[in-house]
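J.: Residue numbers (this note's numbering), protein chains in the order written: chain A, 1 to 407; chain B, 408 to 814. The beta carbon of each residue, even a glycine, is placed where N, CA and C say it ideally should be. Once you've had a glance at the structure underneath, I'll fire off some questions.
There are 2 protein chains.
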Amino acid sequence: MATIVMKFGGTSMAGIERIRHVASRVRREVEAGHRVAVVVSAMAGETDRLVGFCREASPLADPAEYDVVVSSGEQVTSGLLAIALGAAGVPARSFLGWQLPVRTSAAHGLARIEEIGTGDLVAALDAGQVAVIPGFQGVTADGRVSTLGRGGSDTSAVAVAAALGAERCDIYTDVEGVFTTDPRIVPRARKLAKITYEEMLELASVGAKVLQTRSVELAMKERVRLAVKSSFSEEPGTLVVDEDEIVEQELIAGVAYDRNEAKVTIVAVPDRPGAVATIFGALADANINVDMIVQNIAHDTAVTDVTFTVPRTELVRARAVLEAAKDAIGFERLIADEKVVKVSVVGVGMKSHAGVAVTMFRALAERGINIQAITTSEIKISVLIAEEYLELAVRVLHTAYGLDAAA
Amino acid sequence: MATIVMKFGGTSMAGIERIRHVASRVRREVEAGHRVAVVVSAMAGETDRLVGFCREASPLADPAEYDVVVSSGEQVTSGLLAIALGAAGVPARSFLGWQLPVRTSAAHGLARIEEIGTGDLVAALDAGQVAVIPGFQGVTADGRVSTLGRGGSDTSAVAVAAALGAERCDIYTDVEGVFTTDPRIVPRARKLAKITYEEMLELASVGAKVLQTRSVELAMKERVRLAVKSSFSEEPGTLVVDEDEIVEQELIAGVAYDRNEAKVTIVAVPDRPGAVATIFGALADANINVDMIVQNIAHDTAVTDVTFTVPRTELVRARAVLEAAKDAIGFERLIADEKVVKVSVVGVGMKSHAGVAVTMFRALAERGINIQAITTSEIKISVLIAEEYLELAVRVLHTAYGLDAAA
């Protein structure tokens, strides 16, 4: 008998009617002869409500107590799903984080799973029970409640699947799978049947929020076969697998975008050793992540311009940090621009193919879209463009790489 | 340093503003030099919401999973109060039921506390921390979550006070204390400065819902000094203490009433041995509690009438059980009356005073209020009367026993 892990997100658990529907999907897998562990999120909106309480009680809430509060949402849904399964004739019981236990680091609010106790879990599965496990929560070595950070239930599911050596881990969400791009922008976007872990990671990091990044990293490390499906349809979804499982490699898996970028240009920085180091040192000290960096080459003057991006939410802080270091850096002025967006093409195929970047630059140039910065990784090319061109750029690139579905 | 336990009910914990107010009351006790453990209820309405989810998921919800769901409300408020205390500069941490542990029986939904582990709790108090403990919840010997039944947080507080050998247990609620009767009916009702455990028990059992009955029993057994106060005022409240602590004994402590009674009269039961046993045997088999019983004495016929009361919520079931046993009992017909109410006078003083009952019967007779049934205990006399006389009877008795406050 194969062991499978099924994970249901907040939209799938929002209300008893939907929980009953989840129970019927679980029942189907049980009737197909599988041993099933289910990992659940809190009802949609519940974690926000609980986080709101904590913030209202204190902007600097004790993180250990914050975890006590916010972990309760998953406790509720795991009990309710166990009840709904029982009512559907499927023997089931819940195992809370401290009961398994899901042992984590002590970094409250952003803990990492270190080990999962499987003794009681395996005994329950052996006894023909479905195990229902609240995602997102764990317990520290000190016996305190911990949580894994937003979206952490995906990681819980992958960790449970790894601990059980499960045949696969099915992530049920409110989308049909992973698409070549955002279908709201490109109606002819296609659902991918398969995608590699590496591609999924790059897509997650550039804003295609289907899976928590850490869950994909863990699945890749532990070789857990992930499937992303909709709990509201019968479509097969997308498999996230090893590169060698993908027989017919597409050049590009998808086009993603990220609106959470802001561009900073520092004008007339002295062109001497150490000036640039002072800029990025000040930002690093303030714990501000810098993403794309462009330094204009200074031909005939003693100054240069430095352009880079920071998360849009950090722009105010970044500006303050730099203005405070103005004398130390010695620049003339600082220009900030929030009206930018990062567009990326991702695909393992580009490892072995030249010319992928050229296709991108040419397609954008033909539409008069100016590229303000570029970064690349082994399987990703990202460009920074003016926000007003976002939809046009995504559509153009989707077509240029041959991703459009047949009309 | 004295150790005290403070317990706050759902109204006191309803929302962050109120939780912050609770934190300030706790802080005052800490600043007065006390070691403080706080027991909290869920936010008002939250337990009902969670119970509603369980019922909707299945009318026959697995009680162990029901407990997983409904215990979450107190988990949330204990974390939030610990956060609010920290924000108020008072070091605090929560201890959940499984963390202390609060070991209970395995009777899910209505578990009894068997033992409370105090090691970590005492260590926290010794270290100058306030311990915040969710009421209502515990853990079974199997390591499953359990709950104590509605109102169980009072019992949690008393059990923690007993385990710590606390100097007192202050129950903060939304009333000012225990009154001689319902102030909505008798505006001149007085708040009692002291009341005995026995009186409090009898008052609780006849519908004065200030404290859960079980918490009073436990306080009496463990000699925990209870105080009932309002979290919204500075008034001293009511002390619940041993009889010998009350120097000036009042004859009657209070007048209580209970609307949850229904009267059943079984007409023309054969006046032979076993007929009455068959009636109450059938009700006992159906787990229906019978309270007051009156059997008319048959002078010159072969039949008798039997009258008794059952909880109003059980009337439909009681009627069905008796109709099914009609042939076995051999009665003629059954008359049910829901328009009755039980009015009681309670006071340890009546142990040593004769004539207490006479005062009651005379006062009611003077107003033309017919008594349909009577029960007595060592410190309580209860009468069943027509519901329309409820307010009049309570006012008349309050005056007759000299309980009215000076005008």
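1. Under a three-way DSSP split, which group does Thr-180/A fall into?
2. If distances are taken between C-alpha atoms only, which option among Arg-802/B, Val-752/B, Val-801/B and Met-767/B comes closest to Ser-784/B?
3. Which chain A residues are close to Phe-543/B, counting only those with a beta carbon under 8 Å from its beta carbon?
4. At the level of alpha carbons, what is the spacing between Ala-286/A and Val-321/A?
5. Determine the DSSP secondary structure at Asp-431/A, reduced to helix, strand or coil.
6. Please list the partners that Glu-56/A has in chain B, where partner means a Cβ-to-Cβ separation under 8 Å.
7. Please return the same chain residues whose Cβ sits closer than 7 Å to the Cβ of Val-567/B, not counting the five positions on each side in sequence.
8. Could you check where the beta strand (DSSP E) with Met-423/A kicks off and where it finishes?
9. For Pro-498/B, does the three-state DSSP call read helix, strand or coil?
10. Determine, using beta carbons only, whether Gly-550/B and Gly-504/B come nearer to each other than 8 Å.
11. In chain B, what lies closer than 7 Å to Asp-62/A by C-beta?
12. Do Ala-336/A and Leu-315/A have their CB atoms nearer than 8 Å?
13. Closest Cβ-Cβ distance between Phe-280/A and chain B: below 8 Å?
14. Just verifying my parser: in three-state terms, what is the DSSP assignment at Leu-521/B?
15. List the endpoints of the continuous alpha helix (DSSP H) containing Ala-284/A.
16. Could you tell me whether the Cβ of Val-483/B comes closer than 8 Å to any Cβ of chain A?
17. If you check the beta carbons only, do Asp-258/A and Val-341/A fall under 8 Å apart?
18. Would you kindly check if the distance between the Cβ of Val-210/A and the Cβ of Val-175/A is under 8 Å?
19. Would you list the one or two residues that DSSP bridges to Ile-171/A?
20. Do Arg-425/B and Ser-419/B have their beta-carbon atoms positioned less than 8 Å apart in this structure?
21. Start and end of the alpha helix (DSSP H) containing Lys-326/A?
22. Taking only three categories from DSSP, how would you classify Arg-726/B?
23. Name the DSSP beta bridge partners of Thr-196/A, please?
24. Determine, using beta carbons only, whether Asp-649/B and Thr-720/B come nearer to each other than 8 Å.
25. Below 8 Å on the Cβ atoms is my guess for Glu-373/A versus Val-294/A; work out the distance and round it to an integer in Å.
26. Using three-state DSSP, classify Val-267/A as helix, strand or coil.
27. Could you name the residues of chain B that Ser-72/A contacts, counting a contact when the two beta carbons are closer than 7 Å?
28. Closest to Leu-658/B by C-alpha separation, out of Ala-761/B, Glu-641/B and Ile-673/B, would be which residue?
29. Kindly indicate which residue of Val-224/A, Leu-164/A and Pro-273/A has the alpha-carbon position closest to the one of Ala-131/A.
30. Is there a Cβ from chain B that is less than 8 Å from the Cβ of Ser-94/A?
31. Strictly under 8 Å for the Cβ-Cβ distance: is Phe-460/B near chain A by that measure?
32. Tell me the residue span of the alpha helix (DSSP H) that contains Ile-411/A.
33. Taking the continuous alpha helix (DSSP H) assigned at Val-160/A, which residues delimit it?
34. At a cut of 8 Å, does the stretch 482-498 of chain B reach the stretch 573-582 of chain B through at least three beta carbon pairs?
35. Is the beta carbon of Arg-333/A less than 8 Å from the beta carbon of Ile-288/A?
36. Against Tyr-473/B, what residues of chain A qualify as contacts under a CB-to-CB distance less than 8 Å, listed in chain order?
T.: According to the structure data:
1. The residue given as residue 180/A occupies position 180 in the first sequence. For Thr-180/A, the secondary structure class from DSSP, reduced to helix, strand or coil, is coil.
2. Indexing the second sequence from 1 puts residue 784/B at position 377. The shortest C-alpha separation from Ser-784/B is found at Val-752/B.
3. One-based indexing of the second sequence puts residue 543/B at position 136. Against Phe-543/B, chain A offers no close residue; the least beta-carbon distance is about 14 Å (beta-carbon pairs closer than 8 Å).
4. Numbered from its first residue, the first sequence carries residue 286/A at position 286. Numbered from its first residue, the first sequence carries residue 321/A at position 321. In this structure, the CA atom of Ala-286/A is about 7 Å from the CA atom of Val-321/A.
5. Given that chain A is displayed from residue 1 to residue 407, the structure contains no residue 431/A and the question cannot be resolved.
6. As a first step, residue 56/A must be located in the first sequence, where it is residue number 56. Chain B residues near Glu-56/A: Ile-423.
7. As a first step, residue 567/B must be located in the second sequence, where it is residue number 160. Within the same chain, Cβ atoms closer than 7 Å to the Cβ of Val-567/B are found at Val-412, Ala-444, Val-446, Ile-523 and Ile-540, the five residues on either side in sequence being excluded.
8. For chain A, the structure presents residues 1 to 407; residue 423/A sits outside this window and is missing.
9. Taking the first residue of the second sequence as 1, we reach residue 498/B at position 91. Pro-498/B: coil per DSSP, three-state reduction.
10. Reading the second sequence from its first residue, position 143 is the one you call residue 550/B. Reading the second sequence from its first residue, position 97 is the one you call residue 504/B. Taking 8 Å as the Cβ cut-off, Gly-550/B and Gly-504/B do not qualify as a contacting pair.
11. As a first step, residue 62/A must be located in the first sequence, where it is residue number 62. Under the 7 Å cutoff, chain B gives Ala-489, Ile-490 and Gly-493.
12. Residue mapping note: residue 336/A aligns to position 336 of the first sequence, counting from 1. Residue mapping note: residue 315/A aligns to position 315 of the first sequence, counting from 1. Cβ atoms of Ala-336/A and Leu-315/A: closer than 8 Å.
13. What you label residue 280/A is simply residue 280 of the first sequence in a count that begins at 1. Output row for Phe-280/A: interface = no.
14. Locating residue 521/B in the second sequence gives position 114, where the first residue counts as 1. At residue 521/B the sequence reads Glu, which differs from the Leu that was named. DSSP places Glu-521/B in strand when its eight states are reduced to three.
15. Mapped onto the first sequence, residue 284/A falls at position 284. According to the DSSP assignment, Ala-284/A belongs to the alpha helix (DSSP H) that extends over 275-285.
16. For the purposes of this step, residue 483/B is taken as residue 76 along the second sequence, with counting starting at 1. Output row for Val-483/B: interface = yes.
17. Residue numbering aside, residue 258/A sits at position 258 when the first sequence is read from its first letter. Residue numbering aside, residue 341/A sits at position 341 when the first sequence is read from its first letter. Val-341/A is positioned such that its CB atom lies closer than 8 Å to that of Asp-258/A.
18. Within the first sequence, the letter at position 175 stands for residue 175/A. Within the first sequence, the letter at position 210 stands for residue 210/A. A distance below 8 Å separates the beta carbons of Val-175/A and Val-210/A.
19. One-based indexing of the first sequence puts residue 171/A at position 171. Per DSSP, the beta bridge partners of Ile-171/A are Lys-7/A and Val-228/A.
20. What you label residue 419/B is simply residue 12 of the second sequence in a count that begins at 1. What you label residue 425/B is simply residue 18 of the second sequence in a count that begins at 1. The answer is yes: Cβ separation under 8 Å.
21. On the first sequence, residue 326/A is found 326 positions in, with the first residue counted as 1. Here the alpha helix (DSSP H) through Lys-326/A covers 326-329.
22. The residue given as residue 726/B occupies position 319 in the second sequence. DSSP, read as helix, strand or coil, puts Arg-726/B in helix.
23. Position 196 of the first sequence, counting from 1, holds the residue named residue 196/A. Per DSSP, Val-241/A.
24. Working through the second sequence from its first residue, we reach residue 649/B at position 242. Working through the second sequence from its first residue, we reach residue 720/B at position 313. No Cβ-Cβ contact shorter than 8 Å links Asp-649/B with Thr-720/B.
25. Position 373 of the first sequence, counted from the first residue, corresponds to residue 373/A. Position 294 of the first sequence, counted from the first residue, corresponds to residue 294/A. One detail in the question is off: residue 373/A reads as Ala in this sequence, not Glu. The C-beta distance from Ala-373/A to Val-294/A rounds to 5 Å, short enough to fall under 8 Å.
26. Position 267 of the first sequence, counted from the first residue, corresponds to residue 267/A. In the three-state reduction of the DSSP assignment, Val-267/A falls in the strand class.
27. As a position in the first sequence, residue 72/A is number 72, starting the count at 1. The contacting residues are Ser-479, Gln-482 and Val-483.
28. Along the second sequence, read from residue 1 onward, the residue named residue 658/B stands at position 251. Across the set Ala-761/B, Glu-641/B and Ile-673/B, the C-alpha of Ala-761/B shows the shortest separation from the C-alpha of Leu-658/B.
29. Position 131 of the first sequence, counted from the start, is the residue given in the question as residue 131/A. Of the candidates Val-224/A, Leu-164/A and Pro-273/A, the residue whose Cα lies closest to the Cα of Ala-131/A is Leu-164/A.
30. Taking the first residue of the first sequence as position 1, residue 94/A is located at position 94. Cβ-Cβ to chain B under 8 Å: yes for Ser-94/A.
31. To locate residue 460/B, count along the second sequence from 1; it is residue 53. For Phe-460/B, the closest Cβ of chain A is nearer than 8 Å.
32. Missing from the structure shown is residue 411/A; chain A here goes from 1 to 407 and no further.
33. Position 160 of the first sequence, counting from 1, holds the residue named residue 160/A. Per DSSP, Val-160/A belongs to the alpha helix (DSSP H) from 152-164.
34. In short, these stretches do not touch, since the Cβ pair count stays below three.
35. Within the first sequence, residue 333/A is the residue found at index 333, counting from 1. Within the first sequence, residue 288/A is the residue found at index 288, counting from 1. No, Cβ-Cβ distance for Arg-333/A and Ile-288/A is not below 8 Å.
36. The sequence position of residue 473/B within the second sequence is 66, counting from 1. By Cβ distance, chain A contributes Gly-79 and Ile-83.
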